[in-house]
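> Residues in the sequence shown are numbered from 15 upward in steps of one, following our numbering.
Just passing along the structure, written as structure tokens.
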Amino acid sequence: MLRLSLTLALSCLAMPALAAETCATNATDEPLLFTMDGGDGGFLRSWLDPGDQLCDDVPAGGRAFVHAFDDPEEFEGCARLIAAGGQDAVMTFPAVDACRWRTHESAN
């Protein structure tokens with residue numbers, strides 16, 4: 015019985031993570047509306063003040079589709095794909111769809 019319990023406990027520890035916390039941050043100086051679709055049927059929508067984050071558990075190996083808007087009536091926002099377990103931040107949000115994300119800086 016002890017061996018079975020130990021085997022079950024170890025097999026639970028060896029299981030891969032089913033989801034990873036994935037976050038988007040508002041690093042601008044204005045409030046922005048963020049949406050996040052983690053691909054698992056969940057959809058988040060929240061106004062974020064400067065410095066605030068929107069996070070969701072995204073299935074391992076998946077990606078979250080994130081949009082930032084300055085007006086809830088806008089159809090197009092500033093879009094980004096964030097890998098499960100990753101983080102990104104909107105650094106600037108101009109009137110035209112040319113916003114800058116933190117990962118743009120690390121890619122150059």
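Where a beta carbon is used, it is the ideal one built from N, C-alpha and C, also for glycine.
Roughly how many whole angstroms lie between the Cα atoms of Thr-7 and Gly-99?
Nothing about residue 7 can be read from this structure; the chain reaches only from 15 to 122.
> Cα-Cα, which of Pro-108, Thr-106, Cys-69 is closest to Gly-56?
The residue you call residue 56 lines up with position 42 of the sequence shown. For Gly-56, the nearest C-alpha among the options comes from Cys-69.
> For Thr-42, does the three-state DSSP call read helix, strand or coil?
On the sequence shown, position 28 is the one that residue 42 refers to. The answer is coil: DSSP assigns Thr-42 none of H, G, I, E or B.
> Do Leu-62 and Phe-48 have their C-beta atoms within less than 8 Å of each other?
Position 48 of the sequence shown holds residue 62. Position 34 of the sequence shown holds residue 48. Closer than 8 Å, so yes.
> For Phe-83 versus Leu-46, is the C-beta spacing smaller than 8 Å?
Against the sequence shown, residue 83 aligns to sequence position 69. Against the sequence shown, residue 46 aligns to sequence position 32. Closer than 8 Å, so yes.
> Taking all protein chains shown into account, do 16 or more other C-beta atoms lie within 10 angstroms of the C-beta of Phe-107, making it buried, or fewer, making it exposed?
The residue labelled residue 107 in the question sits at position 93 within the sequence shown. So Phe-107 ends up on the buried side.
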